[in-house]
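*Asks:*
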Amino acid sequence: MGCESKTLINDVGSAVLAEVVKQLSNASSVTPFTHVIQATDTAGTAGPGADTPNLPDGDNTSGILFIAHEDCFVTSIKLCQTSNELTTVNDYICVLKVPLPWTDSLGVLRFQQCGFEVGGTNSITAHGDAVAIPLGGGQSTYTVEYLSDGTPLPTAPATGVIYDLFDVTAAGGPCPAGTFNNSWVALDHAGTPVVSLNPNGILMNAGDVLMYGMYNSGGGTVRQEFCVGYAPVKDKLILTPDYAQLMRNYSVKDRDEG
Amino acid sequence: MHNLCVTTPLKIETRVKVVVKTKTLGFGSGARTDEAQVGAGSEISAEVVSQLNRALSVTPLMHIVQSSDGGGTNDGYDAEVGNNTRMSAVLFSAPEDCFVTAIRLCICGDIEFSATPGLPSAMCLLKVPLPWIDAAGNSQVLQVDGSDNPGGVSAHGDVAAVALGASPVATYSLEFISDNSPFIADNNAVNHQIFDLFDIPAAGTIAAGYLTDTLIAEDHALTNAQSLNPAGISLVRGDVLTWGVYNRCGAEIRVQYSIAYRPVKDELVLDPNISQSVISTSVDNRSR
Chain Z
0 MGCESKTLIN
10 DVGSAVLAEV
20 VKQLSNASSV
30 TPFTHVIQAT
40 DTAGTAGPGA
50 DTPNLPDGDN
60 TSGILFIAHE
70 DCFVTSIKLC
80 QTSNELTTVN
90 DYICVLKVPL
100 PWTDSLGVLR
110 FQQCGFEVGG
120 TNSITAHGDA
130 VAIPLGGGQS
140 TYTVEYLSDG
150 TPLPTAPATG
160 VIYDLFDVTA
170 AGGPCPAGTF
180 NNSWVALDHA
190 GTPVVSLNPN
200 GILMNAGDVL
210 MYGMYNSGGG
220 TVRQEFCVGY
230 APVKDKLILT
240 PDYAQLMRNY
250 SVKDRDEG
Chain S
0 MHNLCVTTPL
10 KIETRVKVVV
20 KTKTLGFGSG
30 ARTDEAQVGA
40 GSEISAEVVS
50 QLNRALSVTP
60 LMHIVQSSDG
70 GGTNDGYDAE
80 VGNNTRMSAV
90 LFSAPEDCFV
100 TAIRLCICGD
110 IEFSATPGLP
120 SAMCLLKVPL
130 PWIDAAGNSQ
140 VLQVDGSDNP
150 GGVSAHGDVA
160 AVALGASPVA
170 TYSLEFISDN
180 SPFIADNNAV
190 NHQIFDLFDI
200 PAAGTIAAGY
210 LTDTLIAEDH
220 ALTNAQSLNP
230 AGISLVRGDV
240 LTWGVYNRCG
250 AEIRVQYSIA
260 YRPVKDELVL
270 DPNISQSVIS
280 TSVDNRSR
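Sequence lines, in order, name chains Z and S.
First residue of the first sequence? That's 0 in numbering that gives the first Met the number 0, and the numbers climb one at a time after it.
First residue of the second sequence? That's 0 in numbering that gives the first Met the number 0, and the numbers climb one at a time after it.
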């Protein structure tokens, strides 16, 4: 695992050392709060195609939320749907973690790609499974970090609310087969159980990407904004004891010069 | 943090912060007995602290786009701010406590933003916690859709006709508001030039309702100019920076932005600022 929790025996430490370690453990960085934009025409079934934030009713879309250039730890995924809500039992949202390279469900080594060629010689190039098995199933080495229908997303008001996906417990029955077909999430997939994010965060190795997928069945075009928060320091350090002993004064005794 | 090598003079900056604190560490406390092992209270510790204090992250320079249809006069996902139109967006969201030290802007207009063919233009920046309390005392959640919610009480900023940031109840804070008169060459803020909003001395008085129907406010009263705190902006986990503009310069503008912040929460100050003391020696001339 790229990121670890390391407990250091603080036998040499001081309050200075403890404070430095604390600062390292609490450090955070964040990507800009910006619209999700479909990168290519083949990143979803969305009618408008590439270079648009619009997700029409009845379409899916996908894209990259985050690329880890070094091992790091994702602690926050802020999302916000605008224009229309994404809160019905038929809406779906998912987040995958895909390593570089990754192995698909058939055991074939793949490289991350933005786009794929439907029906061509390289047709199995999208992230996710290419055969009719659940997302994350088979021999695939990517992981489903989050998968839910729209019912647990904010509903009062339904649009315009910035929320953290880590705070949203996944709900709904298995995601129907084919919900994310022909997007970067998958060319094809079977029904897949819902998954909540690990509340402790997402461990990322250098090269991993976080990929999102959305399926809109809400009745109107949806746009979405997002930002990703992460700990720029690789590992979480824990000192035990949590801070050092205070300096102990030496005992004083008059010098006998007699 | 890699390959520690003390090759540069240590410089520990001092800033006044509210939430993100400056902590003075008793240097050497508990370290005296361990010097031989780790150099606690040594130049190594001083260098580590210095690196932490100067750690920096920055967002890419990119266009500000209106968050939603309800975020201003324009449509959502639109970078163009036409003449006599308002626009707003969230610039930054803090996943953990951090400290914003620079807000780079670049106004790309068909005319200088400082132009005043009629009434002046205005620019504003709010810090909004999660949740926040509006001027009517209602708890609100962060939103980027100003007008599409029940009751219309949805935008950041005041919902009553009081000056921005002046309500004793509202928990958001007015970080910056100014008319367009300081966006001039003297402040490096001419058309197509990247400048830092921290370098802009706010000026003028912003008329009531100038930023209504945006993420800044549903309504507000006359508001005096407010410059950014030159020491930076302390952000608590969940805080957002919400930006708004009212363009009356006579032509369309677009604005690019980049935000720099310190990923490390607090600033550490070592006292004393260097480590081991030189042990003095003297000849013992006392007779035995």
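Beta carbons: idealized from backbone N, C-alpha and C, even for Gly.
Computed from a predicted model, the values in this text were never measured in an experiment.
(1) Taking 9 angstroms as the CB-CB cut-off, is Lys235 (chain Z) touching chain S?
(2) Out of Z:Ala205, Z:Val221 and Z:Gly135, which one is the CA nearest neighbour of Leu146 (chain Z)?
(3) Rounded to a whole number of angstroms, what is the C-alpha to C-alpha distance between Leu280 (chain Z) and Glu42 (chain S)?
(4) In the stretch 71-92 of chain S, which residues sit with their C-beta less than 9 angstroms from some C-beta in chain B, listed in chain order?
(5) Please go through the same chain and pick out, in chain order, the residues whose beta-carbon is closer than 6 angstroms to the beta-carbon of Ile161 (chain Z), but skip the five residues on each side of it.
(6) Is the Cβ-Cβ distance between Ala78 (chain S) and Val89 (chain S) less than 9 angstroms?
(7) Measuring only between beta-carbons, confirm whether Leu54 (chain Z) sits less than 9 angstroms from chain S.
(8) The alpha helix (DSSP H) spanning Lys21 (chain Z) covers which residue range?
(9) DSSP three-state call for Ser182 (chain Z): helix, strand or coil?
(10) Spell out a yes or no on whether the stretch 222-234 of chain Z and the stretch 181-194 of chain Z are touching, meaning 3 or more CB-CB pairs, one atom from each, closer than 8 angstroms.
(11) Which residues in the same chain have their Cβ closer than 6 angstroms to the Cβ of Gly71 (chain S), if we skip the five residues on either side of it in sequence?
(12) According to the neighbour-count rule (16 or more other Cβ atoms, all chains shown, within 10 Å of its Cβ), is Leu64 (chain Z) buried or exposed?
(13) Mind checking which residues open and close the beta strand (DSSP E) that includes Arg53 (chain S)?
(14) Return yes when the Cβ of Ser113 (chain S) is within less than 9 angstroms of the Cβ of Pro288 (chain S), no when it is not.
(15) Rank S:Ile232, S:Gly136 and S:Thr204 by C-alpha distance to the C-alpha of Asp96 (chain S) and give the top, closest one.
(16) Quick check: the Cα distance between Lys21 (chain Z) and Gly62 (chain Z), rounded to an integer number of angstroms?
(17) On the three-state DSSP scale, how would you describe Asp270 (chain S)?
(18) Going by the C-beta, is Gly171 (chain Z) closer than 8 angstroms to any heavy atom of the ligand FMN?
(19) Can you confirm whether Pro151 (chain Z), when its beta carbon is compared against all beta carbons of chain S, has any partner nearer than 9 angstroms?
(20) For Thr120 (chain Z) and Ala170 (chain Z), I'd like the C-alpha separation in whole angstroms.
(21) Is Lys5 (chain Z) buried or exposed, if buried means 16 or more other CB atoms sit within 10 Å of its CB?
(22) Quick one: what's got a C-beta closer than 7 angstroms to Tyr245 (chain S)'s C-beta in the same chain, skipping five residues either side?
(23) Do you know whose CA, among S:Ala224, S:Ser49, S:Ile110 and S:Pro59, lies nearest Phe32 (chain Z)'s CA?
(24) Could you say which of S:Thr170, S:Ala160 and S:Val161 lies nearest to Lys126 (chain S) if we only look at CA atoms?
(25) Relative to chain S, which residues along the stretch 76-99 of chain Z have a C-beta separation below 7 angstroms, given in chain order?
(26) Taking a contact to mean a Cβ-Cβ separation below 9 angstroms, would you say Val168 (chain S) touches Ile215 (chain S) in this structure?
(27) Where do the N-terminal and C-terminal ends of the beta strand (DSSP E) with Ile66 (chain Z) fall, by residue?
(28) Run through chain Z and tell me which residues come within less than 8 angstroms of Leu267 (chain S), C-beta to C-beta.
(29) Go ahead and label Thr239 (chain Z) buried or exposed: buried means 16 or more other beta carbons lie within 10 angstroms of its beta carbon, across all protein chains shown.
(30) Pop quiz: Thr30 (chain Z) and Cys226 (chain Z) are said to be a contact at Cβ under 8 angstroms. What is the actual Cβ separation, rounded to whole angstroms?
(31) When the Cα atoms are used, what is the spatial distance from Gly258 (chain Z) to Ile205 (chain S)?
*Replies:* In brief:
(1) Sequence index remark: in the first sequence, residue 235 (chain Z) carries index 236 (1-based). Using a CB distance cut-off of 9 angstroms, Lys235 (chain Z) does not count as an interface residue toward chain S.
(2) Taking the first residue of the first sequence as 1, we reach residue 146 (chain Z) at position 147. The candidate whose alpha carbon is nearest that of Leu146 (chain Z) is Z:Gly135.
(3) Past the boundaries of the shown model lies residue 280 (chain Z); chain Z is included only from 0 to 257, so the question cannot be answered.
(4) No chain B is part of this structure, whose protein chains are labelled Z and S.
(5) As a first step, residue 161 (chain Z) must be located in the first sequence, where it is residue number 162. Closer than 6 angstroms at Cβ, skipping near neighbours: Lys77 and Cys79.
(6) Indexing the second sequence from 1 puts residue 78 (chain S) at position 79. Indexing the second sequence from 1 puts residue 89 (chain S) at position 90. Going by C-beta atoms, Ala78 (chain S) is not nearer than 9 angstroms to Val89 (chain S).
(7) Within the first sequence, the letter at position 55 stands for residue 54 (chain Z). By this cut-off, Leu54 (chain Z) is not an interface position.
(8) Here residue 21 (chain Z) corresponds to residue number 22 of the first sequence, with the count starting at 1. Element bounds for Lys21 (chain Z): Ala14 to Asn25.
(9) On the first sequence, position 183 is the one that residue 182 (chain Z) refers to. Residue state, collapsed to three classes: coil.
(10) no
(11) Position 72 of the second sequence, counted from the start, is the residue given in the question as residue 71 (chain S). Closer than 6 angstroms at the Cβ level, and outside the excluded window around Gly71 (chain S), lie Gln65, Arg85, Met86, Ser87 and Thr213.
(12) Translated into positions along the first sequence, residue 64 (chain Z) becomes position 65. By the 10 Å Cβ count, Leu64 (chain Z) comes out buried.
(13) Residue 53 (chain S) sits at position 54 when you count from the first residue of the second sequence. Here Arg53 (chain S) belongs to no beta strand (DSSP E); instead the alpha helix (DSSP H) covers Glu42 to Arg53.
(14) The structure shown does not extend to residue 288 (chain S), since chain S spans only 0 to 287, so no value can be given for it.
(15) The residue you call residue 96 (chain S) lines up with position 97 of the second sequence. Closest option to Asp96 (chain S), Cα to Cα, is S:Ile232.
(16) One-based indexing of the first sequence puts residue 21 (chain Z) at position 22. One-based indexing of the first sequence puts residue 62 (chain Z) at position 63. Each residue's Cα considered, the two are about 34 angstroms apart.
(17) The residue you call residue 270 (chain S) lines up with position 271 of the second sequence. Three-state DSSP puts Asp270 (chain S) in a strand.
(18) Although the ligand FMN was asked about, the structure shown includes no ligands whatsoever.
(19) Sequence index remark: in the first sequence, residue 151 (chain Z) carries index 152 (1-based). No, Pro151 (chain Z) does not count as interfacial toward chain S.
(20) Counting from 1 along the first sequence, the entry for residue 120 (chain Z) is found at position 121. Counting from 1 along the first sequence, the entry for residue 170 (chain Z) is found at position 171. Low confidence applies to Thr120 (chain Z): its pLDDT is 36, below 50, so where it sits in the model is not reliable enough to give any reading.
(21) Sequence index remark: in the first sequence, residue 5 (chain Z) carries index 6 (1-based). Exposed is the call here.
(22) Working through the second sequence from its first residue, we reach residue 245 (chain S) at position 246. Same-chain partners within the cutoff: Arg85, Ser120, Ala121, Tyr209 and Leu210.
(23) In the first sequence, the residue the question calls residue 32 (chain Z) occupies position 33. The shortest Cα separation from Phe32 (chain Z) among S:Ala224, S:Ser49, S:Ile110 and S:Pro59 belongs to S:Pro59.
(24) Within the second sequence, the letter at position 127 stands for residue 126 (chain S). Looking at the Cα atoms, S:Thr170 is the closest of the given residues.
(25) Lys77, Cys79, Thr81 and Ser82
(26) As a working note, residue 168 (chain S) is residue 169 in the second sequence. As a working note, residue 215 (chain S) is residue 216 in the second sequence. For Val168 (chain S) and Ile215 (chain S), no; Cβs fall outside 9 angstroms.
(27) If you number the first sequence from 1, residue 66 (chain Z) lands on position 67. First-last of the beta strand (DSSP E) with Ile66 (chain Z): Asn59 to Ile66.
(28) Within the second sequence, the letter at position 268 stands for residue 267 (chain S). Per Cβ cutoff of 8 angstroms: Glu18, Val19 and Gln22.
(29) Walking along the first sequence from the start, residue 239 (chain Z) turns up at place 240. Exposed, because fewer than 16 other Cβ atoms sit within 10 Å of the Cβ of Thr239 (chain Z).
(30) Reading the first sequence from its first residue, position 31 is the one you call residue 30 (chain Z). Reading the first sequence from its first residue, position 227 is the one you call residue 226 (chain Z). Indeed they touch by this definition, with Cβ atoms about 5 angstroms apart.
(31) Given that chain Z is displayed from residue 0 to residue 257, the structure contains no residue 258 (chain Z) and the question cannot be resolved.
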